[in-house]
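Peer 1: Dropping a structure here in structure tokens format, bear with me for questions.
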């Protein structure tokens, strides 16, 4: 049985830990792959660099994408994965501190499926992650072209 | 005026003065010449009179000589010696006339010679006639008539007449010459006077004309100069105005550019604030929460209370950041002016407040149909802050009342939010609108102190004014205007 992967693109270790905690608290048991900058995220998605051995026919169920990242930022990652046949239909949720109008517009413009602002209050964050998991991993029907897990 | 034109004018002036001098010199010279000619003419006329006198004497002498000749002829015919007596008389007359002629022709050598001969003839006549009278017997006609002396006397008279004739001819010639000379002189004088006069008049005309022309040109030049000076002044004024305008535009452009730079910086700053300042807060809150959850059995009540305080402070800090961002957004966001139903907005906001605290009983009075011109998003923020404050500060009131209405003041619509809440000390009214300024303890009434600063910024952006009135424990009234209510449509 193939793992259902969630790709978490997050450079902040604290945020990473808290996101993991929130996922765990919501009993989301998917494999979490963490990319700590944009380059790492793209390497994972396209099987390059340190992920050269990876089978790119298996793509993450959900990508939680931060915008402010070292080397290559979230927008650039989004642009590149939407431009590639293998990744263009992946579910991407922008998960960021920013609620700048420009960021939201840009995010949707580049093809993000959702835009969620990380709340400061941890309980709110846990609640947000719960809803995200419920929606994108359970409720949402994936596009047919994308290979479904477990098939 | 240019150097060249100045030089030209100077030379023209010199020419003008030279013309005047020449005219004056010509006039003087002509006058002098005319005077000289007149004197000459006068002299010539004197000479003519003189000649005429000489001619008169000569005529008399001729008459006397002819009379003497006639007396001699009578003597020849009659032999009467009395005729010879009259000849003697005539000869003495002739002597007198001879003396007169001598004195009159003293300037003329040839005439003097003739006068000498005239004298000689006269003397001879006198001698001859005396000889005849002396030698001839009285009334002896036949004898006496044919005497040689008588014949000689006759010849002498003839010669005398001849002399007289020559003198006369000479004098007539002289008269003719002198008359001609006098006429020439007069004519010359007249011609000179005419020419001179014409010349002077011509000069005066030329000089006068030139002076007139120069004067007119000078006046024209002066006028042109005055005009060009006025023009120059106008041009200078215009130039300065344009320069000012350009400087103004330039400074406005610079200001706009600076403003843009500041806005860009502010944007970058608020991005940092919203992104980077919130991240540590999330960590603090997240891990505090983790501690409380995961280590609840090992933490006593005190420790739990501290963690709660940490989380409360974190929440407050997050709110502060959001409010600050809102404040910054108010300044830099684009404004869209439209008619905004303020009554509906106010009702909606108060309903939200009621929903948040369903147990509170607040009498809310909102005047119907209040429509203001402005940005709906920003005006919502204004009412949210003002009504939110009213809701908050009436929380300790038994019978809370919140009112939103408008009134006409000096032709301007003034909107106001009035409550009967905690109020404030008017001494600090100005401080109310500063960011982070609070007149109440956070424990008493929570808040970040940014709300009214936001309100003021929004109202100012709309060109209106905002003011607060109140007293401690007696409620507060916040009034604001929107520029477009005063000046009609934007």
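Chains as they are written, first to last, in our numbering: chain E, 511 to 661; chain L, 32 to 521. Every residue gets a Cβ at the ideal spot worked out from N, C-alpha and C, and that includes glycine.
#1: How far does the beta strand (DSSP E) with residue 439/L in it extend, from its first residue to its last?
#2: Do the stretch 209-227 of chain L and the stretch 71-82 of chain L make contact, defined as three or more Cβ pairs closer than 8 Å?
#3: Spatial neighbours of residue 535/E within its chain, please: C-beta separation below 7 Å, excluding the five flanking residues on both sides.
#4: Cβ-heavy atom distance between residue 70/L and the ligand MN below 7 Å?
#5: Which residue wins for smallest C-alpha separation from residue 662/E, given the options 652/E, 650/E, 520/E, 514/E?
#6: Assign residue 658/E to one of three DSSP states: helix, strand, or coil.
#7: Under 8 Å, Cβ to Cβ, is there at least one residue of chain L near residue 581/E?
#8: Please name the residue or residues paired with residue 405/L in a DSSP beta bridge.
#9: Does residue 347/L come within less than 8 Å of chain E when only Cβ atoms are used?
#10: What in chain L is Cβ-close to residue 633/E, meaning under 7 Å?
#11: Determine the burial state of residue 209/L: buried for a count of at least 16 other Cβ atoms within 10 Å of its Cβ, exposed for fewer.
#12: Scan the stretch 298-315 of chain L for residues whose Cβ lies nearer than 7 Å to a Cβ of chain E and list them as they occur along the chain.
#13: Quick check: what's the CA-CA separation for residue 49/L versus residue 241/L?
#14: Name, please, each residue of chain E whose Cβ falls closer than 7 Å to the Cβ of residue 405/L.
#15: Below 8 Å between beta carbons: does that hold for residue 416/L and residue 363/L?
#16: Can you have a look at residue 147/L and say buried or exposed, based on whether 16 or more other CB atoms are within 10 angstroms of its CB?
#17: How would you write the range of the alpha helix (DSSP H) that residue 475/L sits in, first residue to last?
#18: Going along the chain, which residues of its own chain have a beta-carbon closer than 6 Å to the beta-carbon of residue 551/E, five neighbours each way excluded?
#19: Between the Cα of residue 516/E and those of 530/E, 561/E, 553/E, spot the shortest distance and give me the residue it belongs to.
#20: At the level of alpha carbons, what is the spacing between residue 361/L and residue 555/E?
#21: Return helix, strand or coil for residue 320/L, following the three-state DSSP convention.
#22: When DSSP builds the beta bridges, which residues end up paired with residue 602/E?
#23: Leaving aside the five residues before and after residue 238/L along the sequence, list all residues of the same chain whose C-beta is less than 8 Å from its C-beta, in chain order.
#24: Does the Cβ-Cβ distance between residue 358/L and residue 444/L come in under 8 Å?
#25: Report the residue from 307/L, 303/L, 343/L whose alpha carbon sits nearest the alpha carbon of residue 320/L.
#26: Within 8 Å of any Cβ in chain L, is that where the Cβ of residue 641/E sits?
#27: Output the distance between the C-alpha atoms of residue 614/E and residue 624/E, rounded to the nearest integer angstrom.
#28: Work out the CA separation of residue 304/L and residue 602/E for me, nearest whole Å.
#29: Can the beta-carbon of residue 498/L be found closer than 8 Å to that of residue 446/L?
#30: Is DSSP giving residue 550/E helix, strand or coil here?
#31: Among all the DSSP beta bridges, which residues are the ones paired with residue 613/E?
#32: At the level of alpha carbons, what is the spacing between residue 153/L and residue 205/L?
#33: Check the DSSP bridge columns for residue 397/L and list the partner residues they point to.
#34: Would you call the stretch 321-334 of chain L in contact with the stretch 366-380 of chain L, where contact means no fewer than 3 C-beta pairs closer than 8 Å?
#35: At a Cβ threshold of 8 Å, is residue 317/L touching chain E?
#36: Report the residue from 339/L, 491/L, 91/L, 299/L whose alpha carbon sits nearest the alpha carbon of residue 315/L.
Peer 2: Straight from the coordinates:
#1: 431-440
#2: yes
#3: 636
#4: Ligands in the displayed structure: none, and consequently the ligand MN is not present.
#5: Residue 662/E is absent from the model: chain E starts at 511 and stops at 661.
#6: Annotation note: pLDDT 47 at residue 658/E (below 50); position unreliable, coordinate value reported separately. Note: residue 658/E maps to coil in three-state DSSP.
#7: no
#8: 369/L
#9: no
#10: 320
#11: buried
#12: 302, 305, 306, 309, 310, 312, 313, 314
#13: 13 Å
#14: Neighbours of residue 405/L on chain E: none; closest Cβ ~20 Å, over 7 Å.
#15: no
#16: exposed
#17: Per DSSP, residue 475/L belongs to no alpha helix (DSSP H) and is neither H nor E.
#18: 519, 545, 587
#19: 530/E
#20: 41 Å
#21: helix
#22: 573/E
#23: 47, 50, 51, 54
#24: no
#25: 343/L
#26: no
#27: 9 Å
#28: 25 Å
#29: no
#30: helix
#31: According to DSSP, which records beta bridges pairwise, residue 613/E is partnered with nothing at all.
#32: 25 Å
#33: 435/L
#34: no
#35: yes
#36: 339/L
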